[in-house]
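These notes are about the structure you will find just below.
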Amino acid sequence: MTTYSIQELSQMTGLPASTLRYYEDLGLLGEVPKNASGHREYQEKHLHRMRFLLLLKNTGMPLTGMQAFAELDEGGYTTVPERILLLESHRLNLEDKIGELLSQLNYLGEKIKYYQGVCEKYGLPDPLNTAEADQQVV
70 MTTYSIQELS QMTGLPASTL RYYEDLGLLG EVPKNASGHR EYQEKHLHRM
120 RFLLLLKNTG MPLTGMQAFA ELDEGGYTTV PERILLLESH RLNLEDKIGE
170 LLSQLNYLGE KIKYYQGVCE KYGLPDPLNT AEADQQVV
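If you're matching positions, the sequence shown starts at 70 in our numbering and goes up one per residue.
This is how it looks when you write it as structure tokens:
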């Protein structure tokens, strides 16, 4: 069985060792065995769990949600229906957030077009029009 030191897991996940220890203390990684000298020996399951938890974190799931998922994951296959519900709830929240962001992105685009119209009306250079910007430099 392949095992990883905390430094190796840190390199593979991009997280500092202190964060890995913190996540372990929160119960996010499950049981992490230690060797005879007391050093952690992370396994493939820890690497896979950590990568998935990072996805959840990067998509806005709070630590409490990540803890709930990790606890369910430790519960074996009988908790799969609960995991599905937890992940579906997160997915729906993420879809709502994406919708909000797209709406805000569209509004920003409209505002930029408005200001470009102001530039055109008053003969100001449009910094997004590369042809105009190139002429200004010359």
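Every residue gets a Cβ at the ideal spot worked out from N, C-alpha and C, and that includes glycine.
P102 and E179 have their C-alpha atoms spaced approximately 56 Å apart.
In this structure, M70 lies away from Q136, with their beta-carbon atoms at least 8 Å apart. Residue environment: L177 is assigned as exposed (fewer than 16 neighbouring CB atoms within 10 Å of its CB, all protein chains considered).
Note that the segment 185–195 does not touch the segment 168–177; fewer than 3 beta-carbon pairs, one per stretch, sit closer than 8 Å.
A check of alpha carbon separations from L122 across Y92, L170 and Q76 identifies Y92 as the nearest.
K126 is the residue among K126, E169, S172 and M81 whose C-alpha sits nearest the C-alpha of H159. DSSP places T148 within a helical segment (H, G or I) once states are collapsed to three. In this structure, L155 lies away from L95, with their beta-carbon atoms at least 8 Å apart.
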